[in-house]
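Heads up, the thing below is written out as structure tokens.
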Amino acid sequence: MTDSSAGAGATMFAGGGAMGALILAHDWASTPLGPIAGWPETLVNAVSMVLPASAEIVMFWGPEFFAFYNDAYAPTIGTKHPGVLGRPAREGWSELWDDLGPLLQRVHDTGETFAAKDRPFQIERAGYLEEVFFDVSYSAIRERGGEVCGILCIVSETTERVRAARAITADRERLHEMFDSAPSFMAVLRGPNHVYELTNSSYLQLIGKQREDVIGKPIREALPELAGQGYVELLDNVVASGRPYRSDGASVTLRRTPDAGMEERIVDFIFQLLTDATGAVTGVFIEGTDATDRHVAETALNVSRESMDLATEAAEIGTWDLDPRTGQLDWSDRTREMWGVSPGVPITIEDFWAGVHADDIAATEVALARSLDSAVRAAYSVEYRVIGAENGALRWIAARGRGFFEGDTCVRAVGTVVDITAVKAQQEVLRESEERFRTLADSLPALVWIVDRSGQVLFANRGFETMLGIPAETAMKVGWLAVVPPEHHELFERSRAYRMANPGPYGGDIRVVTAAGESRWIHTEMRPRMLAGAFAGYVGCAVDVTEAHAAGEVLEHRVAERTAELVEQIAERERVEAELHQMQRLEAVGQLTSGVAHDFNNLLTVVLGNVPLIERAVRGANLDQRTLQRLDNVRTAAERGAALTAQLLAFSRRQRLEAKVVDLNDTVEKMRELMRSSLGGAIEVMTEPTADLWPALVDPTQIELIILNLAINARDAMPDGGTLTVSTANITLDAPKRPEEPPAGEYACVSVADTGTGMSDDVLAKAFEPFFTTKDVGKGSGLGLAQVYGFAKQSGGGVRINSTPGEGTTVCVYLPRAMAAVDSPEETPTVEPQGSIAGRTILVLDDEDAVRAVTADALRDAGCRVIEAADGASALDALAAEQTVDLVVADFAMPGMTGARFADHAHERWPALPVIFVTGYADLTAIEGVAEDRILQKPFASGAVVEVVRRVLERS
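Under the numbering used here, think of the first position of the sequence shown as 321, with each following residue one higher.
What follows is the structure, encoded as structure tokens:
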């Protein structure tokens, strides 16, 4: 550039404001660009164009991108100005060169303009790195020949706008989050059809819908149940009138779940109009709260308050409210009346203390101080006398209350007062009456006592000491167990429990023991005590009737009647409890198996009854031994079938059990040698008895069979040998986790553990199902564990199996804990058959012809005259016609009239007629009172019925 052009350039730069002056004053000679005089004309023109512009412009010149910018751009780069003037952009914008450099290079290389809106840059312009935003346009500056020699950057900083937009967006997100999480329900409806545009979570919770169920749908479609409730019409009126609508405590009925019925909710809400910029209505904003819980609570509170007011008024109870910090005291009018103060008269704590009788102030102060003390917080309960402030009347007051604390400070104490003046007077009268009663009772030659509703002796007269040698104090402390013989304690407790549960007059003779150990008989009469119409216990009197009981017959008769009554009640309760705990699926299977066992037993009875007859005929015909062996095979198969039906009955809990108090340790010890001989030498048998084991209430024979059954199962699970461990334990169980487990309670447990193959989860899930087995065909019936399950459940307990494949199995049988001592073994006398039944007349009643024929034929072979009947009505007719029937053999389970009903009808006319029941299975409770020798279990051999008939006739 010539000097003249340099001068012209200088003139042009001089009009470029502060930046023009800086450029002119800059030492360009020390830069690669050299003095202004040597600048290309294109550079001079570009700089002169940039400097006066009001837009923010920076220009980068040459391959090194030397920076030139105007006054408008200078504030944009902050502290970088003016240091970056004339320096390569790589140095001036080093912190963002990885971002800026490629942009500039691309425009330089391609000549294409780069433009962007709100382009972010990380720039250090105030001593720290910050993110800023620009609208940018980068354009190429070309020489006359078209080569790119620089880049013109027109920028407009939009940082504030972007940040403001982001803030608005964040605010909107926060508002949306607040809208959605607001505790009040909100929704926006648009258009004349009230289409859902927005809903929050509280609104969706109110209507029981998902957001996608309502958004974009008219309210009539989304909530069809609103039809007829007036709310859609109300929305229409709000839009038409241009006025919002508010309602508190409105009732709306909604279907909140698809499968449920309509539900009423109480809501507070407002319908607010939404308008556009012109004021035209565009929708309705719904906002409100679900006040159902509040409404219910307020209703309950109002009822409670009204009830409280009525109760305190009816009971003549006064109330008080004390602020311990200020001493402010509020009394109800009833309280003022007790203190002899007129209604409305102001009361202070000093007035309270002034009214308390001087002798009662100390105790009252202690009681109040303890209730206000944060370390004690005792209930305020005290009785004291007050002297009426206005009338001087003396009254007894019973005060109750409690303190309320904030931290360690009592901020309030409230309570009640009751006028007990009349009660105190009555107590004095009662005390005198009790003294007279005690004097009278002590003078009687009898026992006199009073018990509460739990059986606790409240009063015993001196007769206990004079008649029985038991001080009255001991009788009151120990109760009747001090004089009842120990062997009758359990019966006495059951009788007492029944009497307490069924109040009524009671009288009877009981045996007691004096302090010297002498047995005496007393006749007792007890009458229930009623207080305010409620049972409060008994008052009783007893006289010595020892002489009248010399023979003891009356006592035995009454004890038998009472025992039968209690047994019947206990049996009924146990039956109901058993029914409640039966599983639906296994109960159905149990019903099926018991029915199958019944029918199967009938078939087996025919087989077992006829085999001996056929065998006798065969032997008489001198047939070969092979035929006899076949008959023996038939009998053996029938007997195996009988064993299977017994297992089926055990599973279905239809077997007859004789529960006794049993020591399981003793049972296991006695079986140890049997198990060792049964399991073989390859299996080591160990027992682990628990000391102080609780006695179990169980059938002794059945529990031995169950233990042996489990031991044999364990043997089959250990084909190569192993260890069998039988242990006992006292177990307290929580609620059952599986159906086969017993209810919560205390149990005596016997466990059989093996080290065998174990069971998988699938096998364990089916272990108690009848006929399920993992053994090979022919090696197991699948009824073993089903029998264990049925026995345990029928005994009132349960079973639990713990098993790990490859490690072994433990079967735990839980049996009810007995509260009594272990039963002593009873010796059953052997009754040898004597005499013949030939010539006796026997009625055989059975609806199964084949079974009836077996029974009848066996009796005829014994010389009996047999009358057959297929139903109860025919049997009763036969009895009426014959009049000489010695005994009846009746099937228990028959259609129409059962054997039990037949027996009831027969005994109405012939009370002494013996009846033997034949049963394949039966409702055990229905034959609970039938003696064991009067029951013949199917299947039975032909000789069995003859033997049972002979024994019964001999004893009749």
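C-beta atoms are modelled at their ideal positions from N, C-alpha and C, and glycine is treated no differently.
As the structure is a computational prediction, the values presented were derived from the model and not from experiment.
Would you decide whether residue i is buried or exposed? Buried here means 16 or more other CB atoms lie within 10 Å of its CB.
i: S1123; result: buried
i: S694; result: exposed
i: W673; result: exposed
i: H428; result: buried
i: D579; result: exposed
i: L778; result: exposed
i: M850; result: exposed
i: L906; result: Here the model assigns L906 a pLDDT of 46, short of 50, so the residue's position is not dependable, and the following value carries that caveat. Buried, since its Cβ has 16 or more Cβ neighbours within 10 Å.
i: K1086; result: exposed
i: L764; result: exposed
i: L900; result: Bear in mind that a pLDDT of 45 at L900, under 50, signals an unreliable position, so the number given afterwards is only what the model happens to contain. Exposed is the call here.
From this set, the options, which residue's C-alpha is nearest residue i's C-alpha?
i: V515; options: R758, A1140 and D556; result: D556
i: T362; options: M787, V777, R782 and F380; result: F380
i: E1267; options: D1181, S1194 and E1202; result: D1181
i: G1128; options: R1221, A795, V1072 and E1202; result: V1072
i: E432; options: V452, I471 and N711; result: I471
i: I1157; options: V1272, L353, G421 and I1121; result: V1272
i: M796; options: G783, E710, S476 and E810; result: G783
i: L1044; options: R1058, E384, T1075 and K1057; result: T1075
i: V661; options: D1167, N822, G712 and E618; result: G712
i: A373; options: G335, A341 and T612; result: G335
i: I1051; options: V1070, E553, R1058 and N1033; result: V1070
i: G550; options: E993, S571 and R690; result: S571
i: K990; options: V1018, E1004, E1024 and A979; result: E1024
i: L649; options: T736, A821, L1053 and I1026; result: T736
Throw me the rounded Cβ distance for the residue i and residue j pair, which I believe falls under 8 Å.
i: L1135; j: Y1067; result: 6 Å
i: V1205; j: L1233; result: 7 Å
i: I590; j: H615; result: Actually they are not in contact, since the Cβ atoms of I590 and H615 sit about 18 Å apart, beyond 8 Å.
i: A1223; j: T1239; result: Not really, about 12 Å apart at Cβ, beyond 8 Å.
i: I707; j: D739; result: At roughly 14 Å, the Cβ-Cβ gap does not stay under 8 Å, so I707 and D739 are not in contact.
i: G603; j: V508; result: 6 Å
i: A856; j: R773; result: 6 Å
i: A1031; j: M1006; result: Contact flag wrong, Cβ pair sits at about 12 Å.
DSSP state of residue i, grouped into three classes?
i: S374; result: coil
i: I356; result: helix
i: G336; result: coil
i: D986; result: helix
i: G382; result: coil
i: N1050; result: strand
i: A835; result: coil
i: F1260; result: coil
i: S1276; result: coil
i: P1231; result: coil
i: P578; result: coil
i: R1271; result: helix
i: K1057; result: coil
i: E361; result: helix
i: M850; result: strand
i: D650; result: strand
i: W1014; result: coil
i: H843; result: strand
i: T1021; result: helix
i: A908; result: Because the pLDDT of A908 is 44, which lies under 50, any placement of that residue in the model is unreliable, and the question is left without a value.
i: R407; result: coil
i: S753; result: helix
i: Y818; result: helix
i: M1214; result: coil
i: F1088; result: coil
i: Y551; result: helix
i: E748; result: helix
i: N557; result: helix
i: A617; result: helix
i: K980; result: strand
Quick one: is the Cβ of residue i within less than 7 Å of any heavy atom of the ligand SAM?
i: G1110; result: The ligand SAM is absent from the structure shown, which contains no ligands of any kind.
Where in the segment 440-527 do unbroken runs of the beta strand (DSSP E), each at least 3 residues long, occur, reported from the N-terminal end onward? 449-462, 468-477, 505-510 and 515-519
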